[in-house]
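J.: Take this structure first; my questions come after.
Structural data, given as structure tokens:
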């Protein structure tokens, strides 16, 4: 187990290196820099040049690159120019928002999507199947930001049931936290539910055609019990795979949803940094997001071992 | 794959109807659109839907229906170009990686690197770097999605490579180019087509996000996402602006997913067994 | 000597904010209530909280609650003393002697002295965003703890106007804070609120400064100066990019104040008794900046063709959603340097036939016309969109590129590659003529190529001690802008701030001021 973790983390190093190269390349190519943003709309060229010099933005790229990699090796992602804060702490501050948003979305999606998929598989080719799969497909086809705008309009403006945006930390006010996360997480969950339900259905169908399930049926086990115990257990690996991918997609979706609902998450931090050219944040943000991806995939792999002991022996 | 039999699949047929309806309407936009989509009319701003403007007007007084027709054309064009470009690039990378194990790990590392953060984030960063235009959107989304195609292609090549007749062809000394052309590439077409159909759907959604964030093709040429972005501030006063393009996007994406499902079921025998 | 109110208050700007008079009616003193946490929303986070180093409105909204300046602008935008008791200008215009108010506390507990003021001005001369106005300064001296003397190299009558401008405020900070480099200072000031928690993509907290030293030379708040009283315990300023979400927040009561409200939204909310909206006109004006050093716009006939091709009112009506007025002067009417509008009529009418004729004169053959706009500011995109349609209508092959601000900024400081971009000028015309004329003059004029007449106007404006000479200089500038179509003024736009109905005594201004305001 430990060896697996170490091997996988080592394998992630080149991936992260590629990520950092890509993000560094982008910061070199991107037109404009942060001084224009800081200076304001009517600043003159001299005013901005002067600010640029003060911020040390005139250092040659190679020098910046060497300094940055040197820092990263010591665990220092550099300092945000805009926030006047270290990139690491800026991201760590925002990570709970994004992770809880994506996490809750995935949880809700699984709680709805997996039963929906099982239902569809149990009633394969009947109307329940088509209804369930239709719902799943519509859910994943709706543009998330559009759905967000729609929900703000209906639930916040018309009904005034939920806040229109913003973030309440759980530690401040659990109810407020739930209210602030309900709409954004709901939108993401609706998007993520689709793939989960679809994968659950096809995995369950595949398993239910397999020999051991037929045996279970032959032994006279009631259909719901067969499904609950055997099918779900055997279908867990593909479902987990999709869940892992979904979490990654949910993180991507969270980027946009955070904009729509004014949530202070990593996505808003990084997109804001892109639009304002706060390059240490862009690089740190991309690197850390990539790291989260790798970590999630690793966790999914470890979960495989847990749900399917056969895999454990193969190692 | 026989075309008539695939049409009997309900999901495929439904997808074809949805996508076809939007595509035909967009294709005929020059004739169907009641107004010039970029023509301002400041006397009729944020106008409610009526018999002249079936979907109302936006804050420039432009006809929303006409903009949606032309916008769907822009979105479809971008999506299609992304499908072709990512199919070509991802296809070649996947083919090379799957056939030559020596470069496999290197190429896949790069692909993993590109896939290791949300594609949309990469696309936004690229779009900002290259400056907004239709071409930029295509490039940015291609870079974001080609790795997925490469993955699928590589998998398909590995499967095809292990087939007996390929082994046999190699054993008798057939040239690599010939084997790839005659045996490998044809065998990968089915999964590639399925994958690219899904990418079409994802690309249309992603393009909408780019436009929504403000880094899509510049105005006044509308894309569906840009029309939503345009209407977002007047969601309450003039909900018709942002609502209707969202419905069209959903139709397109739903239709493409249905098409993908239908194709997959028809082309992938393994899946067919489980589904039937 | 410019003294506090009652001594030499000029009232010539009284008409500027006439539309808001109803909102500033004094309320009985007993109605004032201390306490409460007010929540305000603005669309974007401040690029920096270092007040001296940014002219961004998002920074200003925050920093002018925290910081004060020696002189500040009153309700009608005239410079009046704030942290200073007053100033004596030498008869030759070559030195300014500021007397400081005594007993002014900084947020760190220190009492302000001339050393702090000297250090703050010197920091501004180094890192300040508008530091160009400090160029004529030869030396800053602090002869005693209550006096600061600024010695000039040459006469510069705009010095106090610039020093008092809120654009990139010349904030007075403790001496030790002044050593901090650009972008890292600015947390400690003398204002009625102290700076608290700052999360750049969420909110910033301001807390009432209980040891705040009110300026007793005034009876009440007055622009950015006056006697300020903080009633709220705290001000939470939230950064909410989505306009719909901001409005929804105001309607549900999550937000008490919003910095800006779209005109159609304001119209819809008229019937909502829980919300009050406050309209300011003029707030800003829309301009089209041209490049006279590159592309088709080098050609005078081509520029005049653009002038003739445009329907200015349509641009304004659409880009402001109806909140506009057609006013051609480059200064707001009723202000000190307003030069009138005589002789401008002939430039204002749309004449497409003439535009086509002028295009032929210019030898235009349908080459790409490069126009750009930034996507951070909706009036900019909307203006660019309408303008490109109008230009296409007379046969100009417009290529519009819309990108984010840093890209546009980089592009527009380069002398080639672009012909025109829209710019909404708000704070500069509010400041007076110096920012406006200066923007088109000097070493890097906005239109990329120095114009001799504009330079002459700028020289006259910045060195004439007599107001009428300076007004003449502004007129010279304005006539030249129109005659040569160096850049175009489109029209004035308004601005709407809004509050919940229980926010009492609110009066709209350049920023939504959270002092002298309380909950019912």
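Protein chains in written order, with the working numbering: chain A, 1 to 315; chain B, 316 to 591; chain C, 592 to 1111. All C-beta atoms in this analysis are idealised placements derived from N, C-alpha and C, irrespective of residue type, glycine included.
1. In the DSSP assignment, find the unbroken alpha helix (DSSP H) run with residue 521 of chain B in it and report its ends.
2. Which residue's Cα is closest to the Cα of residue 205 of chain A: A/123, A/274, A/19?
3. For residue 56 of chain A, does the three-state DSSP call read helix, strand or coil?
4. Please tell me whether residue 435 of chain B has its Cβ less than 8 angstroms away from any Cβ of chain A.
5. Looking at chain C, is there any beta carbon in it that lies within less than 8 angstroms of the beta carbon of residue 449 of chain B?
6. Given a cut-off of 8 angstroms on the beta-carbon distance, is the pair residue 327 of chain B and residue 577 of chain B in contact?
7. Which of helix, strand or coil does DSSP assign to residue 835 of chain C?
8. Taking residue 550 of chain B as the query, report the chain C residues whose CB atoms sit under 8 angstroms from its CB, ordered along the chain.
9. If distances are taken between C-alpha atoms only, which option among A/179, A/257, A/207 comes closest to residue 170 of chain A?
10. Residue 24 of chain A touches chain B at which residues, Cβ-Cβ below 9 angstroms?
11. Apart from the five residues on each side of it in sequence, which residues of its chain come closer than 6 angstroms, Cβ to Cβ, to residue 918 of chain C?
12. Just checking: is the beta-carbon of residue 773 of chain C within a distance shorter than 8 angstroms of some beta-carbon in chain A?
13. Compare the C-beta of residue 934 of chain C with all C-beta atoms of chain A and state if any pair is closer than 8 angstroms.
14. Any C-beta of chain A sitting closer than 8 angstroms to the C-beta of residue 457 of chain B?
15. How would you list, in chain order, the residues of chain B whose beta-carbon sits under 7 angstroms from the beta-carbon of residue 855 of chain C?
16. Are the stretch 509-524 of chain B and the stretch 453-472 of chain B touching, with three or more C-beta to C-beta distances below 8 angstroms?
17. For a contact defined as C-beta to C-beta under 7 angstroms, what are the partners of residue 427 of chain B on chain E?
18. What alpha helix (DSSP H) runs, 4 residues minimum, are completely inside the stretch 1011-1074 of chain C?
19. Quick one: grab the DSSP three-state call for residue 662 of chain C.
20. Within the stretch 416-468 of chain B, note down every full beta strand (DSSP E) run reaching 3 residues or more, in order along the chain.
21. I need the boundaries of the beta strand (DSSP E) containing residue 687 of chain C, first residue and last residue.
22. Just by C-beta distance, which residues in the stretch 502-535 of chain B are closer than 8 angstroms to chain C?
23. Should residue 608 of chain C be flagged as near chain A, meaning a C-beta pair shorter than 8 angstroms?
24. Identify, in the order they occur along the chain, each residue of the same chain with its Cβ nearer than 6 angstroms to the Cβ of residue 857 of chain C, setting aside the five sequence neighbours on each side.
25. Using 8 angstroms as the limit for Cβ to Cβ distance, is residue 850 of chain C near chain B?
26. In this structure, does DSSP put residue 368 of chain B in helix, strand or coil?
27. Rounded to the nearest angstrom, what separates residue 537 of chain B and residue 66 of chain A at their Cα positions?
28. Just to confirm my understanding: we take residue 1056 of chain C, look at its own chain, exclude 5 residues before and 5 after, and list those with CB closer than 7 angstroms. What are they?
29. Comparing alpha-carbon positions, which option in A/307, A/305, A/303, A/298 lies nearest residue 6 of chain A?
30. CB-CB under 7 angstroms to residue 1072 of chain C, same chain, minus the five flanking residues each way: which ones, in chain order?
31. Indicate the three-state DSSP secondary structure (helix, strand or coil) for residue 1102 of chain C in the structure shown.
32. Whose C-beta lies closer than 7 angstroms to the C-beta of residue 384 of chain B among residues of the same chain, with five residues either side of it excluded?
33. Could you list which residues in chain A have their beta carbon closer than 7 angstroms to that of residue 996 of chain C, in chain order?
34. Between residue 289 of chain A and chain B, is any beta-carbon pair separated by less than 8 angstroms?
35. Which runs of the alpha helix (DSSP H) at least 4 residues long sit entirely within the stretch 863-916 of chain C? Give them in chain order.
36. Measure the alpha-carbon distance for residue 951 of chain C versus residue 980 of chain C and round it to whole angstroms.
T.: Taking the structure as given:
1. Taking the second chain and counting its residues from 1, one reaches residue 521 of chain B at position 206. Element bounds for residue 521 of chain B: 500-528.
2. What you label residue 205 of chain A is simply residue 205 of the first chain in a count that begins at 1. Answer by Cα proximity: A/123.
3. Residue numbering aside, residue 56 of chain A sits at position 56 when the first chain is read from its first letter. When secondary structure is reduced to three states using DSSP, residue 56 of chain A falls in the coil class, being assigned neither helix nor strand.
4. The residue given as residue 435 of chain B occupies position 120 in the second chain. Yes, because at least one Cβ of chain A sits closer than 8 angstroms to the Cβ of residue 435 of chain B.
5. The residue given as residue 449 of chain B occupies position 134 in the second chain. Chain C contact via Cβ: absent.
6. Position 12 of the second chain, counting from 1, holds the residue named residue 327 of chain B. Position 262 of the second chain, counting from 1, holds the residue named residue 577 of chain B. In contact: residue 327 of chain B and residue 577 of chain B (Cβ atoms closer than 8 angstroms).
7. As a working mapping, residue 835 of chain C is identified with position 244 in the third chain. Residue 835 of chain C: helix per DSSP, three-state reduction.
8. Taking the first residue of the second chain as position 1, residue 550 of chain B is located at position 235. Within chain C, the C-beta atoms nearer than 8 angstroms to that of residue 550 of chain B come from 835, in chain order.
9. Position 170 of the first chain, counted from the first residue, corresponds to residue 170 of chain A. Selection A/179, A/257, A/207 evaluated against residue 170 of chain A yields A/179 as nearest (Cα-Cα).
10. Numbered from its first residue, the first chain carries residue 24 of chain A at position 24. Chain B residues near residue 24 of chain A: none, gap ~11 angstroms exceeds 9 angstroms.
11. Residue numbering aside, residue 918 of chain C sits at position 327 when the third chain is read from its first letter. Once the five neighbours on either side are set aside, the close Cβ partners of residue 918 of chain C are 1083.
12. Position 182 of the third chain, counting from 1, holds the residue named residue 773 of chain C. Chain A, which has a Cβ nearer than 8 angstroms to the Cβ of residue 773 of chain C, makes this yes.
13. Within the third chain, residue 934 of chain C is the residue found at index 343, counting from 1. Interface flag for residue 934 of chain C against chain A is unset, since no Cβ pair is found closer than 8 angstroms.
14. Within the second chain, the letter at position 142 stands for residue 457 of chain B. Residue-level contact check: residue 457 of chain B does not touch chain A, since none of the beta carbons of chain A fall below 8 angstroms from its beta carbon.
15. Position 264 of the third chain, counted from the first residue, corresponds to residue 855 of chain C. Those within 7 angstroms of residue 855 of chain C in chain B are 361, 549, 552.
16. Contact check between the stretch 509-524 of chain B and the stretch 453-472 of chain B: three or more CB pairs, one atom from each, fall below 8 angstroms, which counts as touching.
17. Absent from the structure is chain E; the protein chains it does hold are A, B and C.
18. Counting whole runs of 4 or more residues, the stretch 1011-1074 of chain C contains the alpha helix (DSSP H) stretches 1018-1022, 1024-1030, 1043-1054.
19. Translated into the one-based positions of the third chain, residue 662 of chain C becomes position 71. Strand, per DSSP.
20. The beta strand (DSSP E) runs lying completely inside the stretch 416-468 of chain B and spanning 3 residues or more number zero.
21. As a working note, residue 687 of chain C is residue 96 in the third chain. Looking at the DSSP string, the run of the beta strand (DSSP E) that includes residue 687 of chain C is 686-691.
22. Taking 8 angstroms as the Cβ-Cβ cut-off against chain C, the residues of the stretch 502-535 of chain B that qualify are 529, 530, 533, 534, 535.
23. For the purposes of this step, residue 608 of chain C is taken as the residue at position 17 of the third chain. Note that residue 608 of chain C has pLDDT 37, beneath the 50 cutoff, so the model's placement of it is unreliable and no number is given.
24. Indexing the third chain from 1 puts residue 857 of chain C at position 266. Correct list, in chain order: 868, 1087.
25. Residue mapping note: residue 850 of chain C aligns to position 259 of the third chain, counting from 1. Cβ-Cβ to chain B under 8 angstroms: no for residue 850 of chain C.
26. Walking along the second chain from the start, residue 368 of chain B turns up at place 53. Looking at residue 368 of chain B - three-state DSSP - the assignment turns out to be coil, as it is neither helix nor strand.
27. Here residue 537 of chain B is taken as the residue at index 222 of the second chain, counted from 1. Here residue 66 of chain A is taken as the residue at index 66 of the first chain, counted from 1. It is roughly 43 angstroms from the alpha-carbon of residue 537 of chain B to the alpha-carbon of residue 66 of chain A.
28. As a working mapping, residue 1056 of chain C is identified with position 465 in the third chain. Within the same chain, residue 1056 of chain C has close Cβ partners 684, 746, 748.
29. Residue numbering aside, residue 6 of chain A sits at position 6 when the first chain is read from its first letter. Cα-wise, what sits closest to residue 6 of chain A is A/298.
30. Sequence index remark: in the third chain, residue 1072 of chain C carries index 481 (1-based). So the list reads 921, 1078, once near-sequence residues are dropped.
31. Translated into the one-based positions of the third chain, residue 1102 of chain C becomes position 511. Here residue 1102 of chain C sits in coil by DSSP.
32. Residue mapping note: residue 384 of chain B aligns to position 69 of the second chain, counting from 1. Contacts found: 340, 341, 344, 347, 348.
33. Along the third chain, one-based indexing puts residue 996 of chain C at 405. Result: 36, 37.
34. Here residue 289 of chain A refers to the residue found at position 289 of the first chain. At a cut-off of 8 angstroms between beta carbons, residue 289 of chain A contacts chain B.
35. Correct list: 891-900, 903-910.
36. As a working note, residue 951 of chain C is residue 360 in the third chain. As a working note, residue 980 of chain C is residue 389 in the third chain. Straight-line Cα distance between these residues: approximately 19 angstroms.
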